[in-house]
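Visitor: Pasting a structure below so you can have a look.
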DNA sequence: AGAAGTATCTCAAACGTTTCCGTTAATAAA
DNA sequence: TTTATTAACGGAAACGTTTGAGATACTTCT
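Residue numbers (the numbering used here), protein chains in the order written: chain A, 106 to 441; chain B, 106 to 441.
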């Protein structure tokens with residue numbers, strides 16, 4: 106690899122001058138700057154990221170902490186999409202992406218935060234299903250810029266999908282379609298689940314819909330089997346709801362199968378509502394009525410905000426940014 | 106951050122001794138080694154990855170080059186799963202994962218290979234839908250250890266799914282079920298597509314199945330819309346096949362919808378076969394008959410082999426490792 | 001006892017940058 | 001002409017490691 110020294114030797118100037126020329130410092134003449142830049146290009150020079158990082162304490166590396174308890178990791182379409190756009194946006198600004206987790210290195214266990222320190226990442230984005238782990242707290246309380254996705258911590262910038270109003274929109278639609286007997290299979294306890302539940306309650310109240318305890322089930326996100334069981338349970342009740350809200354689109358498939366196995370059909374006998382707007386949901390027939398999360402915007406906003414926190418620590422301030430999704434009308438809700 | 110110097114000061118030995126103690130060199134007494142390791146732990150020491158990399162030219166970072174022309178990136182379940190297990194295996198050995206691509210940095214365009222050099226990754230794993238790009242060639246011809254997935258280059262280690270025998274198994278199954286009139290919607294031209302086609306032909310020949318040109322269509326991987334159109338085309342033909350092989354499970358959904366829209370049902374009127382064994386395929390009803398690629402093994406094998414190439418450049422040799430998948434019987438193929 | 005070997009540790013250079021400070025020469029101000 | 005100012009560049013230390021070559025003391029062999 107060609108280094109600054111090679112360029113300096115070739116051009117008969119000092120290493121310092123080359124460095125300054127390439128980094129746009131003012132104390133180098135236009136003529137030599139141009140010459141140095143040109144030969145740097147000719148010689149195929151690229152700065153050594155390690156050496157630079159060692160001096161500047163800036164790696165231009167962003168740590169991503171994506172953990173879901175189900176262990177689905179990137180298989181989770183929401184995460185995958187967010188990461189995809191996060192990556193694209195970050196790369197535009199010259200940052201690379203490294204996965205961060207807790208692990209063992211050199212026989213010694215390293216927490217996620219220690220891992221970040223070890224790798225000297227400039228910033229961290231956290232998107233987990235569980236934000237209550239010690240690993241998350243350590244990172245939150247550390248001194249590395251952090252952006253969280255779908256969870257709000259004090260004094261940390263957060264990008265959140267508007268789960269509350271998303272759920273409101275879905276419920277309002279169902280009510281508009283004439284549904285009054287509505288069941289809701291929630292996802293597991295989390296900030297997201299709470300927000301959606303809040304939106305559910307709020308809309309029910311405003312539309313005068315009764316929330317029956319036996320129709321309010323706690324299930325799992327992204328767990329079709331679990332949703333299958335819970336849907337079966339609903340179908341065995343003495344009275345059937347006319348519409349079931351599923352934890353998410355993926356889990357909804359389990360619900361749909363339970364309904365089909367029960368000899369009922371969607372949406373004629375029973376209506377179904379999802380959440381997320383994953384690609385598959387629109388390949389089913391009938392297409393799932395759902396709420397599409399704007400994952401590209403969530404990811405790119407997270408990247409931009411994180412980089413802003415890194416590069417302008419004084420002028421930027423922590424904030425909570427809500428990204429709107431979009432209601433997506435499928436055919437899984439019957440108009441009564 | 107606490108450095109070697111801090112430990113050396115605290116313990117009254119030289120920095121060199123601390124370094125050697127921590128790295129398990131032989132020329133340091135057991136007593137002092139133990140003492141140094143202990144205080145290092147107490148002080149919360151972690152090596153500075155940049156400094157270490159600068160000296161040793163080893164970053165313990167692995168570059169992943171995951172490109173698909175559809176731009177689905179990690180959304181592609183095959184990639185996501187492979188990456189997941191690759192990452193897990195790599196982390197076990199102390200390696201981290203960085204995404205590598207071509208991009209602009211500091212106003213200058215950087216090829217993927219240059220990007221690798223810039224970041225000094227120790228090794229690269231390539232999994233693309235298109236292996237014929239200049240970016241891939243540059244990496245292949247470079248001097249960084251490389252492992253490719255599902256594509257074979259001379260003198261480079263490759264991990265390949267056994268696409269040929271997988272397809273054979275599927276076709277044999279269909280024939281065993283009594284099918285003779287079989288259509289195949291292929292994926293786009295690629296090593297994978299060729300292997301599967303080869304397996305298709307081979308099995309057809311061995312089982313005495315006629316391959317009709319009008320039933321051999323070239324489509325797209327992971328493109329349900331495209332598959333929908335091509336399936337429609339098949340259904341409009343003067344004679345219907347009794348079984349259709351789809352490019353992959355995801356694309357198969359498009360095919361299933363086309364069949365349903367055509368007023369036919371699966372598997373009663375027409376049978377369908379997928380490929381990949383993605384989660385969704387087993388949530389459909391009927392469950393898709395398909396061939397599950399062993400993504401966990403592909404990913405972990407790729408990681409192990411790559412690390413082996415890095416750490417034992419002399420003893421390891423390039424090889425082609427075939428990872429078997431598994432036939433998965435669903436209900437989408439009718440027994441005639 | 002002298003030589004040779006071994007165990008343990010230190011010195012110091014090196015990896016490729018960045019950056020503060022100093023130096024020189026040229027220009028502007030007095 | 002002298003002094004102050006500025007522009008352009010170089011020297012050198014520093015970031016935190018690793019590592020081969022010495023240095024010292026101790027043991028072992030002949």
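Glycine included, every Cβ here is placed at the ideal spot set by N, Cα and C.
Which residue or residues does DSSP assign as beta-bridge partners of residue 170 of chain A?
Guide: Paired residue(s): A:231.
Visitor: Going by DSSP, what residues sit across from residue 121 of chain B in a beta bridge?
Guide: Answer is none; residue 121 of chain B lacks a bridge partner.
Visitor: For residue 269 of chain B, count the other beta carbons within 10 Å of its own beta carbon; 16 or more makes it buried, fewer makes it exposed. Which is it?
Guide: Looking at its Cβ environment, which holds 16 or more other Cβ atoms inside 10 Å, residue 269 of chain B is buried.
Visitor: If you run the structure through DSSP and keep just helix, strand and coil, what is residue 306 of chain A?
Guide: Note: residue 306 of chain A maps to helix in three-state DSSP.
Visitor: Does the Cβ of residue 148 of chain B have 16 or more other Cβ atoms within 10 Å, making it buried, or fewer, making it exposed?
Guide: Result: exposed.
Visitor: Nearest CA to the CA of residue 198 of chain B: which residue from B:405, B:425, B:440?
Guide: Here the closest residue by C-alpha is B:405.
Visitor: Please determine, among B:351, B:411, B:232, the residue with the shortest C-alpha to C-alpha distance to residue 179 of chain B.
Guide: Per the Cα distances, B:232.
Visitor: Quick one: residues in its chain with C-beta nearer than 6 angstroms to the C-beta of residue 414 of chain A, no 5 flanking neighbours on either side, listed in chain order?
Guide: Same-chain partners within the cutoff: 250, 421.
Visitor: Are the region 180-198 of chain A and the region 216-225 of chain A touching, with three or more C-beta to C-beta distances below 8 angstroms?
Guide: As far as the Cβ criterion goes, the region 180-198 of chain A does not touch the region 216-225 of chain A, which means the pair count is below three.
Visitor: To be precise: take each residue of the region 150-161 of chain A, compare its Cβ to all Cβ atoms of chain B, and keep it if any distance is under 8 angstroms. Which residues remain?
Guide: Here the close residues are 151, 152, 153, 154, 155, 156, 158, 159.
Visitor: For residue 284 of chain A and residue 385 of chain A, I'd like the C-alpha separation in whole angstroms.
Guide: In a straight line, the C-alpha of residue 284 of chain A is about 25 angstroms away from that of residue 385 of chain A.
Visitor: Are there three or more Cβ pairs, one per stretch, closer than 8 angstroms when the region 305-325 of chain B is compared with the region 231-245 of chain B?
Guide: No: fewer than three Cβ pairs fall under 8 angstroms.
Visitor: In chain A, what lies closer than 8 angstroms to residue 351 of chain B by C-beta?
Guide: The contacting residues do not exist; residue 351 of chain B stays about 13 angstroms from chain A at best.
Visitor: Specify, as a first and last residue, the run of the alpha helix (DSSP H) that residue 253 of chain B falls within.
Guide: No alpha helix (DSSP H) holds residue 253 of chain B; the beta strand (DSSP E) holding it covers 251-254.
Visitor: Hey, is the region 150-167 of chain A in contact with the region 153-171 of chain B, meaning 3+ C-beta pairs nearer than 8 angstroms?
Guide: Counting Cβ pairs under 8 angstroms, three or more are found: they touch.
Visitor: Bridge partners of residue 288 of chain B, per DSSP?
Guide: Looking at the DSSP assignment, residue 288 of chain B forms a beta bridge with B:349.
Visitor: Using a Cβ cut-off of 8 angstroms (strictly closer), state whether residue 126 of chain B contacts chain A.
Guide: No, because no Cβ of chain A sits closer than 8 angstroms to the Cβ of residue 126 of chain B.
Visitor: Might you give, ordered along the chain, the residues of its own chain that have their beta carbon closer than 6 angstroms to the beta carbon of residue 260 of chain A, omitting 5 neighbours on each side?
Guide: Only 423 meet the Cβ criterion.
Visitor: Return the residues of the region 168-194 of chain A that lie within a Cβ-Cβ distance of less than 7 angstroms from chain B, sorted by chain order.
Guide: Answer set for the region 168-194 of chain A: 178, 179, 180, 182, 185, 186, 188, 189, 192.
Visitor: Of all the CB atoms in chain B, is at least one closer than 8 angstroms to the CB of residue 141 of chain A?
Guide: Output row for residue 141 of chain A: interface = no.
Visitor: For the region 328-337 of chain B against the region 348-363 of chain A, do three or more pairs of beta-carbon atoms, one drawn from each stretch, fall closer than 8 angstroms, so that the two count as touching?
Guide: No, because fewer than three Cβ pairs between the region 328-337 of chain B and the region 348-363 of chain A fall closer than 8 angstroms, the two stretches do not touch.
Visitor: Give, in chain order, every residue of the region 213-231 of chain B whose Cβ lies closer than 9 angstroms to some Cβ of chain A.
Guide: Within the region 213-231 of chain B, the qualifying residues are 213, 215, 219, 220, 222, 223, 224, 225.
Visitor: What's the C-alpha gap between residue 239 of chain A and residue 324 of chain B?
Guide: So the alpha carbons of these two residues sit roughly 49 angstroms apart.
Visitor: In chain B, what lies closer than 7 angstroms to residue 196 of chain A by C-beta?
Guide: What residue 196 of chain A touches in chain B: 206, 208.
Visitor: Answer yes or no: do residue 363 of chain A and residue 230 of chain A have a C-beta to C-beta separation smaller than 8 angstroms?
Guide: For residue 363 of chain A and residue 230 of chain A, no; Cβs fall outside 8 angstroms.
Visitor: With distances taken Cα to Cα, identify the nearest neighbour of residue 169 of chain B among B:335, B:135, B:188, B:383.
Guide: The shortest Cα separation from residue 169 of chain B among B:335, B:135, B:188, B:383 belongs to B:188.
Visitor: Going by DSSP, what residue range makes up the alpha helix (DSSP H) through residue 428 of chain B?
Guide: It is not in any alpha helix (DSSP H) - residue 428 of chain B instead sits in the beta strand (DSSP E) that spans 425-428.
Visitor: In chain A, which residues lie with their C-beta within 8 angstroms of the C-beta of residue 374 of chain B?
Guide: Here the premise fails: no neighbours, minimum Cβ distance about 16 angstroms.
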